[in-house]
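Letter by letter, the sequence shown follows residues 8 to 527 in the numbering used here.
All C-beta atoms in this analysis are idealised placements derived from N, C-alpha and C, irrespective of residue type, glycine included.
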Amino acid sequence: MRSDKMGQAYEQLLKKIKEITCLNEILELLTWDLETGMPIGADEARADQMGVVSELSHRLSTSEEYLQLIKASEEELAEEKKSGLKVQSSSPYDLHNLDVKADLLRKVRRDADNNSKVPASIASALTAACSKAQSVWMKARQNNDFASFREPLERVVELCRAKAEALGYKEHIYDALLNVYEPGLTTAQVSKVFGELRGHLVNLVSRIAKAKQPQLRVINKIYPIELQRRFCHRLMSDMGYDWTRGKVDDVIHPFCCSFSTRDVRVTNNFSEQAVTKAMFTALHETGHALYEQGSPSEWTHTPLEGGASMAVHESESRLWENIIGRSKAFWEFYYPVFKSYFPAQTIGVDLEEFYKAINYVTPSFIRTEADEVTYSLHIMLRFELEKALIEGSLKVKDLPEAWNSAMSDYLGIVPDTDTEGCLQDVHWSSGLFGYFPAYALGNLIGAQTWQALKKDVGDTDEVLRHGQLGAIRNWLHDHIYVYGQRLYPNELLKAATGESLQAGPFVNYLENKYGALYNL
8 MRSDKMGQAY
18 EQLLKKIKEI
28 TCLNEILELL
38 TWDLETGMPI
48 GADEARADQM
58 GVVSELSHRL
68 STSEEYLQLI
78 KASEEELAEE
88 KKSGLKVQSS
98 SPYDLHNLDV
108 KADLLRKVRR
118 DADNNSKVPA
128 SIASALTAAC
138 SKAQSVWMKA
148 RQNNDFASFR
158 EPLERVVELC
168 RAKAEALGYK
178 EHIYDALLNV
188 YEPGLTTAQV
198 SKVFGELRGH
208 LVNLVSRIAK
218 AKQPQLRVIN
228 KIYPIELQRR
238 FCHRLMSDMG
248 YDWTRGKVDD
258 VIHPFCCSFS
268 TRDVRVTNNF
278 SEQAVTKAMF
288 TALHETGHAL
298 YEQGSPSEWT
308 HTPLEGGASM
318 AVHESESRLW
328 ENIIGRSKAF
338 WEFYYPVFKS
348 YFPAQTIGVD
358 LEEFYKAINY
368 VTPSFIRTEA
378 DEVTYSLHIM
388 LRFELEKALI
398 EGSLKVKDLP
408 EAWNSAMSDY
418 LGIVPDTDTE
428 GCLQDVHWSS
438 GLFGYFPAYA
448 LGNLIGAQTW
458 QALKKDVGDT
468 DEVLRHGQLG
478 AIRNWLHDHI
488 YVYGQRLYPN
498 ELLKAATGES
508 LQAGPFVNYL
518 ENKYGALYNL
């Protein structure tokens, strides 16, 4: 058992961590309400509320008292390890387990260092610049007016560059921003794996374009929204979503929101003309939700809850949405269920036609509408452009031309307007430089995870044909979910798969699947 004299600073630190985490969860709850049900006239009051909560959280997490408690707790841990102290616990996730404690302290130390490195003047200026840029971006996108957005974006880029310098880096300035979302990952590593992937994808897209194209009639019909809701509810339940710790709401742009492992909410967007959008959104967002619900309950209200990084989170959602949810074996079980909900829409449409329709591949201008083959090309394009903006080799004024040139190189198409081009995403106006790679990295990690899962679970096609999604979820829980944020992404990937990040599994997955689909 613990000595009464040992761990006193750590106990105080845990109380402070709970206060800070709860404030951040409240901020997340306010954001969820803003997106799902807040009255139109409440925007100014909500901005005030979120500002106050955010300021309180920042004040606590950067206070001298908090920093001293972290330091004292680190010293206590060193003494405990030196003394050979053994903590008796019935749970390997106990926050007083020395290994768990070490990982928690590493996490809060990293967060505290990052918070303290960026001067308040830069942080506040960036917040103000992003607020202005987002407002201008919305109008510029609507009016296809990049010229009006140029100056606000230049200011955001300038401040993101200053933020990166403050955070520090060893090799490339972009590393500092990338590490905010992907701890331990470098620009060189991303460039290498994307470089390996790009040629394969461009070649595959070219071959698919020359092949016989599928019929799309089944996915272009009218599907009653209420029946879509019921079918999506069935999918989510079968995946293992805990409805006692979650719910679903309607929004324009779907997302998953977690306030703790005990309250993880999902959103969706339903349209009679877009049944596939709703059901694959359900699979995608529930993939995120299962990861959040899978964190050990002992870590509630601590930074160990949640996912290792944005890329790992995307790997879970994309694995469920694409690798599982667009597989033929999955639909061998669920297509009869789908037909029972929508008998009129599926008359004369066999499984093969349906399967080909939901896996249709074609280059598109809009990232969020891209299929699983072309999607990563959209992300690589953005990675190269935002890296160039941050390092200064690309000027904001030249962004539209650079975008169109890259679209031609990567996807063989050029948008007619900037609205369909460099103005389509909110990320840059929000200052989220370093975020985009996570989307494509998620595809790679998901395929690598699936490869490891198949070695343990066995014939996954047979598992899916029988609708045994629990076997899939249980493996993911034991190898991914239970680690929460204890490990860095590269550490988690090695623990779960035995290997570091690589493009091979994703390339092989796409070649095997689409080679068969299109008779390549």
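When Cβ pairs closer than 8 angstroms are counted between the two stretches, the region 290-297 is seen not to touch the region 418-434, the count staying below three. Between N366 and I180, the alpha-carbon positions lie close to 38 angstroms from each other. Taken through DSSP and simplified to helix, strand or coil, V258 comes out as coil. Counted as a single uninterrupted DSSP element, the alpha helix (DSSP H) harbouring D182 occupies residues I180 to Y188.
Under the three-state reduction of DSSP, C137 is assigned to helix. In this structure, S80 sits near A16, with a CB-CB distance shorter than 8 angstroms. Contact annotation: S302 and G449 have beta-carbon atoms that are not nearer than 8 angstroms. With a threshold of 16 other beta carbon atoms within 10 Å, D357 falls short and is exposed. Residue pairing of V271 in beta bridges, as defined by DSSP: S265. Of Y525, K520 and L508, the smallest CA-CA separation from V197 is found for L508.
In this structure H308 is buried. Its beta-carbon is surrounded by 16 or more other beta-carbon atoms within 10 angstroms. Linking G474 to I354 through their CA atoms gives a straight-line distance of about 23 angstroms.
Remark: C-beta atoms of V433 and L160 do not approach each other more closely than 8 angstroms. Note that the C-beta distance between P496 and S316 is below 8 angstroms.
Of the other Cβ atoms in all chains shown, 16 or more fall within 10 Å of the Cβ of S267; this residue is therefore buried. Each residue's CA atom was taken as its position, placing M246 and T293 some 8 angstroms apart. Cβ-Cβ distances below 8 angstroms link H65 to N122 in the same chain, with the five nearest sequence neighbours on each side left out; the list follows chain order.
Around R148, the same chain offers T426 and L430 as residues with beta carbons nearer than 6 angstroms, after the five sequence neighbours per side are excluded.
For R333, no alpha helix (DSSP H) segment is defined, and its DSSP state is neither H nor E.
Remark: C-beta atoms of F238 and Y362 do not approach each other more closely than 8 angstroms.
Of all alpha-carbon atoms in G202, A364, S371 and Y488, the one lying nearest the alpha-carbon of L451 is that of G202. Secondary structure at I420: coil, using DSSP grouped into helix, strand and coil. For N450, the enclosing alpha helix (DSSP H) has its first and last residue at P444 to V464.
With distances taken between CA atoms, W457 lies nearest to G511 out of K217, A109, L204 and G511. Non-local beta-carbon contacts of E312 in its own chain, meaning distances under 6 angstroms to residues more than five positions away in sequence, involve T268, S302, W306 and G491 in chain order. Nearest C-alpha to W144 among A135, S155 and T134: S155. Excluding the 5 residues flanking it on each side, L290 has same chain C-beta neighbours closer than 7 angstroms at L242, W327, E328 and G332, in chain order. Ranked by Cα distance from E379, the first of G453, P310 and V344 is G453. Within the same chain, H385 come within 6 angstroms of R374 by CB-CB distance, once the 5 residues on both sides are set aside.
R472 sits close to E339, with the two beta carbons spaced by under 8 angstroms. Counting along the chain, H240 sits inside the alpha helix (DSSP H) bounded by residues I232 to M246.
Taken through DSSP and simplified to helix, strand or coil, T381 comes out as coil. Around the beta carbon of N186, 16 or more other beta carbons sit within 10 angstroms, so the residue counts as buried. As for any alpha helix (DSSP H) of minimum length 4 sitting wholly inside the region 158-226, the runs are 180-188 and 194-216, ordered along the chain.
Taking 8 angstroms as the cut-off, the beta carbon of Y417 is found no closer than this to the beta carbon of L392.
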